[in-house]
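All you need for our numbering is the position in the sequence shown, starting with 1, plus 31. The beta carbon of each residue, even a glycine, is placed where N, CA and C say it ideally should be. Written out below as structure tokens is the structure these notes cover.
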Amino acid sequence: MDVIATPRITREIVHKYGLNIRKSLGQNFLIEPKFIQKIIDAAGLDQNKVVVEIGPGIGALTQALATHAGYVIAVEIDQGLTRVLKEIFAPVSNVTIVHGDAMKVNFDQLVAEVPHRQEPPFPYKIVANLPYYITTPMIMRLLEEGFQFSSLVLMVQREVAQRIMAHPATKDYGALSIGVQYHCSPSLVSLVPPTVFHPRPEVDSAIIKLEKREHPAVHVSDERLFFSLVKAAFNQRRKTLLNALSNSGLLLSKNSWQEVLIESGIDPQRRGETLNLEEFASLANLLGRKR
Ligand code: SAM
Numbered sequence: 032m033d034v035i036a037t038p039r040i041t042r043e044i045v046h047k048y049g050l051n052i053r054k055s056l057g058q059n060f061l062i063e064p065k066f067i068q069k070i071i072d073a074a075g076l077d078q079n080k081v082v083v084e085i086g087p088g089i090g091a092l093t094q095a096l097a098t099h100a101g102y103v104i105a106v107e108i109d110q111g112l113t114r115v116l117k118e119i120f121a122p123v124s125n126v127t128i129v130h131g132d133a134m135k136v137n138f139d140q141l142v143a144e145v146p147h148r149q150e151p152p153f154p155y156k157i158v159a160n161l162p163y164y165i166t167t168p169m170i171m172r173l174l175e176e177g178f179q180f181s182s183l184v185l186m187v188q189r190e191v192a193q194r195i196m197a198h199p200a201t202k203d204y205g206a207l208s209i210g211v212q213y214h215c216s217p218s219l220v221s222l223v224p225p226t227v228f229h230p231r232p233e234v235d236s237a238i239i240k241l242e243k244r245e246h247p248a249v250h251v252s253d254e255r256l257f258f259s260l261v262k263a264a265f266n267q268r269r270k271t272l273l274n275a276l277s278n279s280g281l282l283l284s285k286n287s288w289q290e291v292l293i294e295s296g297i298d299p300q301r302r303g304e305t306l307n308l309e310e311f312a313s314l315a316n317l318l319g320r321k322r
């Protein structure tokens, strides 16, 4: 089989199957093997590993994954593309194409059901050149639902990569940084220019790796409360922590917040965006005991 990730073969596949490239589904296909290789290297695959790909498109990445991993399960939402992929990968014995919405499928179940030879299939890897319109909810779903994968290698918009890896007191730091860093240790694999996609997106991209932590980065007794607190602190990020939290509805009075903040050793006049994970955790844990 020819390498799919080239401008010529991509054009040929689009023409042969009369494909309408759907911008609304974030369809930007990789046409540069160098960047496919960077994703493969970062994923750390071998012939014993099962890998799930989200959004295979016309199979540019799927093809390389099939060479380097033991088994590939690729989940594509576009029915037309699913048919094309099934035809392209019919001769490849270690690839299963699944028609489905990655915001809804149970990845653990897909891995458990597929007839792979590898034992055991868990934990598996997830790799995706993500559709940018659902990047954040997709990442948060993968992290919050407790699926049994060990790492994610993702192509995302460059700004999203910056937000994921941001440190406290920077403009990119926010609820997404905390949500991801709580579950994973993130690293930048490569920046990616628009020229390596067909069609070209209007934004720069980046490949990142999220290595799932064995335990969350900080101890939190009530995760829901922890994330409500984070959300409240960043909802009004230009305000002092005292004012932002007083409007959050999590505690009744401003005075109570003043006390809780001081007891946690956090200056109420600070802005929420300056707090690190440990500080958010100790504040949430104290708040949990007070409520
Ligand atoms: N992996 C291919 C590549 O690198 O060339 C295509 C990547 S393209 C950026 C994103 C793909 O995700 C498209 O094929 C799109 O149809 C698919 N997609 C969009 N939303 C999806 C969803 N909710 N579940 C599964 N696939 C989705």
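The ligand SAM heavy atom lying under 7 Å from the CB of residue i
i, result
"PHE178", "no"
"PHE138", "no"
"ILE108", "yes"
"GLN212", "no"
"ASN160", "yes"
"GLN68", "no"
"ILE52", "no"
"PRO23", "Because the chain here runs from 32 to 322, residue 23 falls outside it and cannot be looked at."
Residue range of the unbroken alpha helix (DSSP H) whose run includes residue i
i, result
"ILE239", "It is not in any alpha helix (DSSP H) - ILE239 instead sits in the beta strand (DSSP E) that spans 236 to 243."
"SER208", "206 to 214"
"GLU74", "Note that residue 74 is Ala in the sequence shown here, rather than Glu. Note, ALA74: alpha helix (DSSP H), 64 to 74."
"GLN140", "138 to 144"
"THR93", "91 to 99"
"THR37", "It is not in any alpha helix (DSSP H) - THR37 carries neither H nor E in the DSSP assignment."
"THR201", "Premise fails: THR201 is in no alpha helix (DSSP H) and is neither H nor E."
Paired residues, beta bridge with residue i - DSSP
i, result
"THR186", "Going by the sequence as given, residue 186 is Met instead of Thr. In the DSSP output, where bridge partners are listed per residue, MET186 has ASN160, ILE238."
"ARG302", "THR271"
"HIS46", "Answer is none; HIS46 lacks a bridge partner."
"PHE60", "HIS229"
"PHE180", "TYR155"
Contacts around residue i, its chain only, beta-carbon distance under 8 Å, and the 5 residues preceding and following it disregarded
i, result
"LEU306", "PRO199, ALA264, LEU272, ILE297, LEU314"
"GLN140", "none"
Residues of its chain near residue i, where Cβ-Cβ distance is below 7 Å and the 5 sequence neighbours each way are ignored
i, result
"ALA95", "ILE67, ILE71"
"PRO230", "ILE52, ASN59"
"ILE195", "LEU207, SER208, VAL211, PRO217, ILE239"
"GLU310", "ILE297"
Delimiting residues of the beta strand (DSSP E) encompassing residue i
i, result
"GLU310", "Careful: GLU310 lies outside any beta strand (DSSP E), inside the alpha helix (DSSP H) at 308 to 321."
"VAL81", "81 to 85"
Helix, strand or coil at residue i [DSSP, three-state]
i, result
"VAL220", "strand"
"VAL126", "strand"
"ILE108", "coil"
"VAL261", "helix"
"VAL103", "strand"
"VAL191", "helix"
Residue i CB to nearest heavy atom of the ligand MN below 7 Å
i, result
"PHE120", "Looking for the ligand MN in the displayed structure turns up nothing; the ligands present are the ligand SAM."
Chain-order list of residues whose beta-carbon lies under 6 Å from that of residue i (same chain, five-residue window excluded)
i, result
"GLN10", "Given that the chain is displayed from residue 32 to residue 322, the structure contains no residue 10 and the question cannot be resolved."
"PRO225", "ARG231, PRO232"
"ALA143", "none"
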